[in-house]
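Enquirer: Here the sequence shown stands for residues 167 to 536, numbered as in the working numbering.
Backbone N, C-alpha and C define an ideal beta-carbon position, used for all residues, glycine too.
Below you'll find the structure I mean.
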Amino acid sequence: LTVGYEPGKGEKDVPYGFVDRLQEQGLLHGRTETLNVGIAGLKSQGLQNFVEAVAAGQPIGAEAIQPNLPDPRTAQIGAAAPQTQAAVKAADAITVTIGGNDMSQLLETGSQMTDQQLSDRVQELFKLYSDSMKVVLDDLHGLNPDALIVVADQYQPMPEIADKALYPKLGQAAQAFTDVIDKMAASYQSQGVNVKVAHVAKEFVGGEGTMTHIIADRDIHPNQMGYEAMAKVFSEVIWGGYTKLAVHEAGAPMGIIVGGKELNTPYKPVIKNGANFVAIQDIVNAVGATSKWDGKTSSATISYAGNTVVITIGASSVKVNGQPVAVGAPAFLNKVGKESKTYVPLAALAQGLGFDVQYVAKLRTAFINP
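Structure (structure tokens):
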């Protein structure tokens with residue numbers, strides 16, 4: 167789940183899961199960096215092994231994390247455990263999704279068990295999960311006592327139509343799993359450790375067939391609808407809300423979000439030589455900068471928080487605090503209706519003024535933050 171895996175996607179395909187959406191949500195609140203060290207196929211004990219290596223600042227081999235993992239990136243992630251330790255220490259929030267691969271065996275074996283056998287097996291799995299999670303949470307908190315840790319419960323992916331007798335039993339097991347996680351989080355909270363639960367399981371109840379790949383591909387992972395639902399729950403826990411972001415289709419003007427607010431203007435952004443250009447006064451007003459136009463040199467001087475950028479129409483470079491910086495395409499006059507507006511390269515201007523600029527290709531949107 168953390169990887170954002172979907173069946174039919176190759177190693178070179180860029181996933182778009184709940185973590186990627188959380189990155190976008192974070193950018194609405196300020197500068198955001200995300201490190202995703204999810205490993206496909208990981209079980210609770212495997213997560214414990216990996217986190218213990220992270221806590222020790224020592225690399226760990228793929229087989230030492232968990233034998234026969236299908237994720238081809240496992241060795242690379244294990245080797246980078248020391249770097250992951252640094253990221254954990256610097257994190258504001260840490261999300262954990264684990265347990266689905268532990269519980270998935272019940273989809274195959276549950277219908278062959280008596281109610282008592284199923285109950286006993288569920289309790290065994292809960293015990294394994296709880297033991298590993300205690301180590302994981304203790305280690306993460308030990309590395310970063312100030313971080314918010316958000317742990318997801320686990321949805322049950324089998325739709326009722328697949329097995330009407332087993333469906334309610336799996337639903338009860340999923341609810342019991344949620345109860346285990348709730349009690350665990352409450353225990354940590356009582357000790358002053360900021361552990362919260364992302365209740366994603368309830369979002370899938372009744373939608374197992376439409377929110378996962380279980381029907382089309384016999385795969386338990388979420389589809390895009392499922393990952394969106396997960397991101398919404400996580401975002402509400404972390405930031406207290408979730409903003410549905412628009413996808414700006416190819417051929418339409420790209421989106422620009424400055425300090426969490428969409429830039430709405432009649433002077434639409436344009437793309438030249440792969441670079442995004444905006445009307446200078448729109449972006450100056452949006453970021454709270456000041457500008458001065460020199461008609462003799464056809465140049466604009468923009469200032470913000472001690473930084474100065476000089477942009478000249480037709481020039482192959484801009485000056486950032488007096489130093490030339492090459493641009494892929496120069497500023498130009500763009501005719502909009504009966505008006506001519508000075509259009510400037512967005513990234514060069516914003517970065518020159520000290521802003522963080524991140525472009526999300528999936529949304530065709532640039533996020534700009536001080």
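At what residue ranges does the stretch 424-459 contain a whole run of the alpha helix (DSSP H), taking only runs of 4 or more?
Expert: 446-453
Enquirer: What whole-angstrom Cβ distance do V453 and T467 have, given they're in contact under 8 Å?
Expert: V453 to T467, Cβ: 15 Å. No contact.
Enquirer: DSSP three-state call for H387: helix, strand or coil?
Expert: Strand.
Enquirer: For a test of the three-state rule: what should DSSP assign to K209, helix, strand or coil?
Expert: coil
Enquirer: Using C-beta distances below 6 Å, list every residue in its chain close to I264, excluding the 5 sequence neighbours before and after it, in chain order.
Expert: S210 and L213
Enquirer: Can you tell which of S298, Y393 and E326 has its C-alpha closest to the C-alpha of E172?
Expert: Checked all of S298, Y393 and E326; the closest Cα to E172 is Y393.
Enquirer: Give me whichever residues DSSP pairs with S465 in a beta bridge.
Expert: D460 and T478
Enquirer: For Y354 and L499, I'd like the C-alpha separation in whole angstroms.
Expert: One C-alpha to the other measures close to 59 Å.
Enquirer: In the DSSP output, which residue or residues are listed as bridge partners for F498?
Expert: Y509
Enquirer: Between Y295 and D268, what straight-line distance do the alpha-carbon atoms span, to the nearest angstrom?
Expert: 8 Å
Enquirer: Between the C-alpha atoms of E428 and E274, what's the straight-line distance to the nearest angstrom?
Expert: 48 Å
Enquirer: On the DSSP bridge assignment, give the partners of T531 in chain order.
Expert: G421 and V526
Enquirer: Grouping DSSP H, G and I as helix and E and B as strand, with all else coil, what is Q191?
Expert: helix
Enquirer: Put K362 into one of helix, strand or coil per three-state DSSP.
Expert: strand
Enquirer: What does a CB cutoff of less than 7 Å around G426 pick up in its chain, not counting 5 residues either side in sequence?
Expert: So the list reads L194 and H195, once near-sequence residues are dropped.
Enquirer: State whether the stretch 349-364 contacts the stretch 330-338, with contact taken as three or more CB pairs (one from each stretch) at a distance under 8 Å.
Expert: no
Enquirer: Can you tell me where the alpha helix (DSSP H) holding T344 begins and where it ends?
Expert: L332 to S356
Enquirer: Just how far apart, CA to CA, sit E369 and D460?
Expert: 57 Å
Enquirer: Alpha carbon to alpha carbon, what distance is there between H387 and A110?
Expert: In the structure as shown, the chain begins at 167 and stops at 536. Residue 110 is therefore absent and cannot be evaluated.
Enquirer: Run through DSSP, which three-state label would Q489 get?
Expert: Three-state result, Q489: strand.
Enquirer: To the nearest angstrom, report how far apart P181 and T463 are at their CA atoms.
Expert: Straight through space, the alpha carbons of T463 and P181 are spaced by roughly 47 Å.
Enquirer: Name the two residues that bound the continuous beta strand (DSSP E) containing I264.
Expert: Note, I264: premise wrong, no beta strand (DSSP E); not H, not E.
Enquirer: Taking its Cβ as the centre, do 16 or more other Cβ atoms sit within 10 Å of V317, making it buried, or is it exposed?
Expert: Around the C-beta of V317, 16 or more other C-beta atoms lie within 10 Å, and the residue is accordingly described as buried.
Enquirer: Count the other CB atoms within 10 Å of the CB of E177; is the residue buried (16 or more) or exposed (fewer)?
Expert: exposed
Enquirer: Below 8 Å between beta carbons: does that hold for I534 and V526?
Expert: no
Enquirer: Roughly how many angstroms lie between the CA atoms of G407 and G372, to the nearest whole one?
Expert: 24 Å
Enquirer: Taking the alpha-carbon of P536 as reference, which of P432, V424 and K438 has the nearest alpha-carbon?
Expert: V424
Enquirer: Mapping DSSP to helix, strand and coil, what is H307?
Expert: helix
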